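In terms of UniProt numbering, the sequence shown has 63 at position 63, counting the first letter as 1, and numbering is strictly consecutive.
Report on the structure given below.
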Amino acid sequence: MDNSTKNEINSVAKELGMTASEMSGLINVCNNPEGRHHVPRNAWTAVTFKALTALQNHGYIVPEFMVEQAKLNAEATIIEDVEVLIQKSLNVANRDKKPVSSRIWSRFFFDSDLVNESRDLQEYLASSQLPSNYEYDEELRSRVYGCDDYTALKLSNEFVKEMKTATLGPYPHMALEDIIPYKEAFCARLGLSRKDVSKKIINIQAKKGGVGKSSVTTGVAGAFAMTASRPYRVLVIDADGQGSTTHLLSLRGEDGCKLYSDRPSIFDVLMASKAIDARKSETTALYNQLLADSIVDTPIPNVSMIQANDFPFDQKIKIGRSNSATEIKADELRHVIEDAMEKGDFDIAIIDSRPDLHTATKLSFAAADKAINVMRPCGEDRDAYRGYLKEIAADVVPEICGDGNWTLPEMSVLFNQVTKTQNQHRVNMGQLAACFDRRGFIKTTNTMIFESRVITSASTMDCSIWSMPRESISGINAQVIGSFRAQFTSLALELEDEWLKNNK
Ligand SMILES: Nc1ncnc2c1ncn2[C@@H]1O[C@H](COP(=O)(O)OP(=O)(O)O)[C@@H](O)[C@H]1O
Ligand SMILES: [Mg+2]
Numbered sequence: 001m002d003n004s005t006k007n008e009i010n011s012v013a014k015e016l017g018m019t020a021s022e023m024s025g026l027i028n029v030c031n032n033p034e035g036r037h038h039v040p041r042n043a044w045t046a047v048t049f050k051a052l053t054a055l056q057n058h059g060y061i062v063p064e065f066m067v068e069q070a071k072l073n074a075e076a077t078i079i080e081d082v083e084v085l086i087q088k089s090l091n092v093a094n095r096d097k098k099p100v101s102s103r104i105w106s107r108f109f110f111d112s113d114l115v116n117e118s119r120d121l122q123e124y125l126a127s128s129q130l131p132s133n134y135e136y137d138e139e140l141r142s143r144v145y146g147c148d149d150y151t152a153l154k155l156s157n158e159f160v161k162e163m164k165t166a167t168l169g170p171y172p173h174m175a176l177e178d179i180i181p182y183k184e185a186f187c188a189r190l191g192l193s194r195k196d197v198s199k200k201i202i203n204i205q206a207k208k209g210g211v212g213k214s215s216v217t218t219g220v221a222g223a224f225a226m227t228a229s230r231p232y233r234v235l236v237i238d239a240d241g242q243g244s245t246t247h248l249l250s251l252r253g254e255d256g257c258k259l260y261s262d263r264p265s266i267f268d269v270l271m272a273s274k275a276i277d278a279r280k281s282e283t284t285a286l287y288n289q290l291l292a293d294s295i296v297d298t299p300i301p302n303v304s305m306i307q308a309n310d311f312p313f314d315q316k317i318k319i320g321r322s323n324s325a326t327e328i329k330a331d332e333l334r335h336v337i338e339d340a341m342e343k344g345d346f347d348i349a350i351i352d353s354r355p356d357l358h359t360a361t362k363l364s365f366a367a368a369d370k371a372i373n374v375m376r377p378c379g380e381d382r383d384a385y386r387g388y389l390k391e392i393a394a395d396v397v398p399e400i401c402g403d404g405n406w407t408l409p410e411m412s413v414l415f416n417q418v419t420k421t422q423n424q425h426r427v428n429m430g431q432l433a434a435c436f437d438r439r440g441f442i443k444t445t446n447t448m449i450f451e452s453r454v455i456t457s458a459s460t461m462d463c464s465i466w467s468m469p470r471e472s473i474s475g476i477n478a479q480v481i482g483s484f485r486a487q488f489t490s491l492a493l494e495l496e497d498e499w500l501k502n503n504k
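Here is the structure:
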């Protein structure tokens with residue numbers, strides 16, 4: 001390439017806001033469409049009508065397929081613009097500052113409704129004549145809180161009274177983050193510390209899409225931070241390039257734009273971690289910098305996140321043992337998460353994984369102490385789950401088992417979108433019965449997440465159930481949101497109980 005061509009490329013690229021290498025990638029294809037197989041991905045994402053017009057104006061012949069690419073890229077840009085406009089008009093920046101109604105404060109300390117809900121379910125199941133052996137664990141709360149329900153409730157009421165005095169006013173509201181100090185004081189009174197649970201990594205998984213992985217991830221993350229027995233510090237890792245969790249947990253500015261969209265994603269951090277070379281200190285420095293920058297705040301106090309982006313990680317990287325550019329070690333994500341937990345003093349990390357069994361999903365599974373399989377109580381999901389287990393056995397374990405001394409993460413099944421019929425307690429038990437058969441190695445959690453408008457409304461509002469625009473939206477009031485959050489609280493307590501027992 002002579003100097004004048006170089007200068008031309010540089011000036012056109014500058015005009016279009018593209019790098020010179022992206023621009024020269026496109027120019028090479030104009031000269032020789034067969035050369036398209038060597039063009040870096042960034043150049044393709046930079047194909048716009050503006051860029052193609054500039055190329056034509058400089059005498060290059062643009063192949064037809066690039067015009068088609070420009071259409072696709074233009075459409076994606078329009079969607080992005082529309083999204084920002086919507087978010088701006090909804091004024092989401094203020095949404096996350098909306099306070100919690102005093103009517104549900106007590107749920108943040110000790111949720112007495114949990115007791116009734118589990119009892120109701122137990123009673124219904126016992127009378128249903130279905131072959132289930134669901135057992136409501138009467139002792140669970142006293143183990144986790146270290147005292148009986150009566151004592152916890154009494155203390156919880158005392159703290160609510162203190163909050164009322166502090167806020168003064170007829171309908172005292174309090175922001176989520178303002179509840180945390182009271183919660184900490186409550187725990188101190190009961191002698192509970194978030195450090196009672198040693199650092200844990202949970203993978204939320206399912207091979208099927210749309211079963212509720214992302215909803216469960218955000219739901220239980222909020223529960224660990226806000227309504228579990230202790231106010232844990234939680235790190236959510238979005239390992240699904242579709243970015244649903246990133247979307248639901250993104251803070252936005254007044255202009256409607258996501259605050260942290262320029263921060264490194266989990267894939268960027270993994271690539272930097274993979275590239276660490278002990279002989280070159282700058283590689284370690286780069287990794288540390290990217291890792292620190294990748295941990296961002298979310299609308300839920302005490303919940304941070306490492307975001308996903310659309311980097312085609314699975315297409316580029318496979319699991320392997322070499323240091324090559326295209327291979328990654330099976331425990332790389334585990335190390336990254338451990339480093340992040342150390343850096344940010346997190347107690348619990350929750351990975352939202354992909355609905356497939358490609359590289360990122362295998363890394364997520366390999367990283368976990370605890371794996372929660374989300375499924376709906378229907379044959380369709382049960383079948384997919386059975387196939388998934390066999391695939392993990394045949395295709396994943398041999399790849400991730402290292403020197404062979406490998407054990408499964410603790411695995412559980414969690415039912416989501418469980419339907420109630422008109423009668424409140426008539427759960428769709430026909431489907432569930434088979435699943436509560438406890439012969440298996442993999443237990444079903446006692447907690448079930450019911451189908452609810454609270455979750456669908458939250459996703460329509462682009463947020464998690466912890467930062468609904470108001471505590472009351474489209475007819476859903478604070479009590480309903482509170483009782484729905486209680487299901488995630490229940491799940492958090494079950495997991496806490498499991499870990500506290502193991503720690504003893
Ligand atoms: N318990 C539930 N009740 C009602 N809708 C739900 C529930 N769980 C998930 N959904 C809805 O189902 C859709 C898919 O859920 P999502 O969490 O994104 O699944 P996944 O991450 O497994 O693909 C979303 O629109 C979500 O709002
Ligand atoms: Mg998802």
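For glycine and all other residues, C-beta sits at the position ideal for the given N, C-alpha and C.
Please read all numbers here as calculations on a predicted model, not as lab measurements.
Quick check on the contact list: which residues have their beta carbon closer than 5 Å to a heavy atom of ligand 2? Lys213, Ser214 and Ser244
Can you list, in chain order, the residues of its chain with a C-beta nearer than 6 Å to that of Gln122? Leave out the 5 residues immediately preceding and following it. Residue mapping note: residue 122 aligns to position 122 of the sequence shown, counting from 1. Here the set comprises Tyr136.
Return the residue from the list Ala51, Gly146, Val197 and Glu399 that minimises the CA-CA distance to Leu500. Sequence index remark: in the sequence shown, residue 500 carries index 500 (1-based). For the residues Ala51, Gly146, Val197 and Glu399, the minimum Cα distance to Leu500 belongs to Val197.
How far does the beta strand (DSSP E) with Thr245 in it extend, from its first residue to its last? Numbered from 1 along the sequence shown, position 245 holds the residue referred to as residue 245. Careful: Thr245 lies outside any beta strand (DSSP E), inside the alpha helix (DSSP H) at Ser244 to Leu248.
Would you call Asp395 buried or exposed, if buried means 16 or more other Cβ atoms sit within 10 Å of its Cβ? Translated into positions along the sequence shown, residue 395 becomes position 395. Its Cβ having fewer than 16 others within 10 Å, Asp395 is exposed.
Per DSSP, which one or two residues make a beta bridge with Ile202? Residue 202 sits at position 202 when you count from the first residue of the sequence shown. DSSP output for Ile202 lists Ile350 and Lys370 as bridge partner(s).
If distances are taken between C-alpha atoms only, which option among Gln87, Glu34 and Ala70 comes closest to Met461? Within the sequence shown, numbered from 1, the residue matching residue 461 stands at position 461. Ranking Gln87, Glu34 and Ala70 by Cα distance to Met461 puts Gln87 first.
At a cut-off of 7 Å, is Ile455 close to ligand 1 when judged by its beta-carbon and the heavy atoms of the ligand? As a first step, residue 455 is located in the sequence shown; it is residue number 455 there, counting from the start. Ile455 Cβ: within cutoff of ligand 1.
Nearest chain B C-beta to His38 closer than 8 Å, yes or no? Structure shown: chain B not included; a single protein chain is present.
Please identify the residue among Tyr388, Ile442, Cys401 and Glu391 whose C-alpha is closest to the C-alpha of Met411. The count along the sequence shown starts at 1 and reaches residue 411 at position 411. With distances taken between Cα atoms, Met411 lies closest to Ile442.
Helix, strand or coil at Leu235 according to DSSP, with G and I counted as helix: Here residue 235 refers to the residue found at position 235 of the sequence shown. Strand, per DSSP.
Start and end of the beta strand (DSSP E) containing Lys443? As a first step, residue 443 is located in the sequence shown; it is residue number 443 there, counting from the start. Per DSSP, Lys443 belongs to the beta strand (DSSP E) from Lys443 to Phe450.
Starting from Gln417, trace the beta strand (DSSP E) both ways and give me its first and last residue. As a first step, residue 417 must be located in the sequence shown, where it is residue number 417. First-last of the beta strand (DSSP E) with Gln417: Glu410 to Val418.
Taking just the CA atoms, how far does Phe110 sit from Gly17? Numbered from its first residue, the sequence shown carries residue 17 at position 17. Numbered from its first residue, the sequence shown carries residue 110 at position 110. Taking the straight line joining both Cα atoms gives about 54 Å.
Per DSSP, which residues does Asp381 bridge with? Please list them. On the sequence shown, residue 381 is found 381 positions in, with the first residue counted as 1. Note: Asp381 sits in no beta bridge, so no partner.
In terms of DSSP beta bridges, what is residue 505 paired with? Shown here, the chain extends from 1 to 504; a query on residue 505 therefore has no answer.
How far does the alpha helix (DSSP H) with Ile481 in it reach, from first residue to last? Counted from its first residue, the sequence shown places residue 481 at position 481. It spans Ala478 to Asn503 - the alpha helix (DSSP H) in which Ile481 sits, taken as one unbroken run.
Cβ pair count under 8 Å reaching 3, the region 330–349 against the region 233–251: yes
Quick one: measure Cβ to Cβ for Gln56 and Val47, integer angstroms, because I've assumed they're closer than 8 Å. As a position in the sequence shown, residue 56 is number 56, starting the count at 1. As a position in the sequence shown, residue 47 is number 47, starting the count at 1. Contact flag wrong, Cβ pair sits at about 13 Å.
Report the option in Thr165, Lys213 and Gly146 whose CA atom is closest to the CA atom of Leu190. By one-based count along the sequence shown, residue 190 stands at place 190. Of Thr165, Lys213 and Gly146, the residue nearest in Cα terms is Gly146.
Could you tell me the alpha carbon to alpha carbon distance between Pro99 and Asp149, rounded to whole angstroms? Here residue 99 refers to the residue found at position 99 of the sequence shown. Here residue 149 refers to the residue found at position 149 of the sequence shown. One C-alpha to the other measures close to 27 Å.
Hey, is Ile266 close to ligand 1, as in C-beta under 7 Å from one of its heavy atoms? Locating residue 266 in the sequence shown gives position 266, where the first residue counts as 1. Not so, every heavy atom of ligand 1 lies at least 7 Å from the Cβ.
Only counting the same chain, and skipping five residues up and downstream in sequence, which positions put a Cβ closer than 7 Å to that of Phe224? As a position in the sequence shown, residue 224 is number 224, starting the count at 1. Excluding sequence neighbours, Phe224 sits near Tyr232, Val234, Ile348 and Ala492.
Answer yes if the region 479–491 comes into contact with the region 447–458, meaning at least three C-beta pairs across the two stretches below 8 Å, and no otherwise. yes
So if DSSP puts Glu391 in a beta bridge, which residue, or which two residues, is it bridged to? Along the sequence shown, read from residue 1 onward, the residue named residue 391 stands at position 391. BP columns for Glu391 are empty, so no partner.
Alpha carbon to alpha carbon, how far is Leu363 from Lys329? As a position in the sequence shown, residue 363 is number 363, starting the count at 1. As a position in the sequence shown, residue 329 is number 329, starting the count at 1. In a straight line, the C-alpha of Leu363 is about 8 Å away from that of Lys329.
Just mark Lys200 as buried or exposed, buried being the case when its beta carbon has 16 or more other beta carbons within 10 Å. Counting from 1 along the sequence shown, the entry for residue 200 is found at position 200. Buried, because 16 or more other Cβ atoms sit within 10 Å of the Cβ of Lys200.
Residues that DSSP places opposite Arg189 in a beta bridge: Taking the sequence shown and counting its residues from 1, one reaches residue 189 at position 189. Arg189 is not bridged to any residue.
Going by the CB atoms, is the gap between Gln307 and Asp296 shorter than 8 Å? If you number the sequence shown from 1, residue 296 lands on position 296. If you number the sequence shown from 1, residue 307 lands on position 307. The question names Asp, but residue 296 in the sequence shown is Val. Contact: yes.
Any heavy atom of ligand 1 closer than 7 Å to the CB of Val413? Mapped onto the sequence shown, residue 413 falls at position 413. No, the beta carbon of Val413 sits no closer than 7 Å to any heavy atom of ligand 1.
Looking only at C-alpha atoms, which of Val211, Thr456 and Phe49 sits nearest to Thr77? As a first step, residue 77 must be located in the sequence shown, where it is residue number 77. If we check each option's Cα against that of Thr77, Phe49 comes out closest.
Taking the alpha-carbon of Asp356 as reference, which of Thr456, Lys208 and Ile317 has the nearest alpha-carbon? As a first step, residue 356 is located in the sequence shown; it is residue number 356 there, counting from the start. The shortest Cα separation from Asp356 among Thr456, Lys208 and Ile317 belongs to Lys208.
Look at the alpha carbon of Lys213 and the alpha carbon of Arg321, and state the distance between them as a whole number of angstroms. For the purposes of this step, residue 213 is taken as the residue at position 213 of the sequence shown. For the purposes of this step, residue 321 is taken as the residue at position 321 of the sequence shown. Rounded to the nearest angstrom, the two C-alpha atoms are 30 Å apart.
What residues in its chain sit with their C-beta under 6 Å from that of Gln424, if we drop five residues either side in the sequence? The residue given as residue 424 occupies position 424 in the sequence shown. With a pLDDT of only 46 at Gln424, under 50, the local geometry of the prediction cannot be trusted, and no value is derived from it.
Return the Cβ separation of Ser273 and His335 in integer angstroms, given the expectation that the two are a contact with Cβ distance under 8 Å. Against the sequence shown, residue 273 aligns to sequence position 273. Against the sequence shown, residue 335 aligns to sequence position 335. At roughly 7 Å, the Cβ-Cβ gap stays under 8 Å, so Ser273 and His335 are in contact.
Quick check on this structure: which residue in Asn203, Lys343, Arg230 and Pro181 has the alpha carbon closest to the alpha carbon of Leu192? In the sequence shown, the residue the question calls residue 192 occupies position 192. Checked all of Asn203, Lys343, Arg230 and Pro181; the closest Cα to Leu192 is Arg230.
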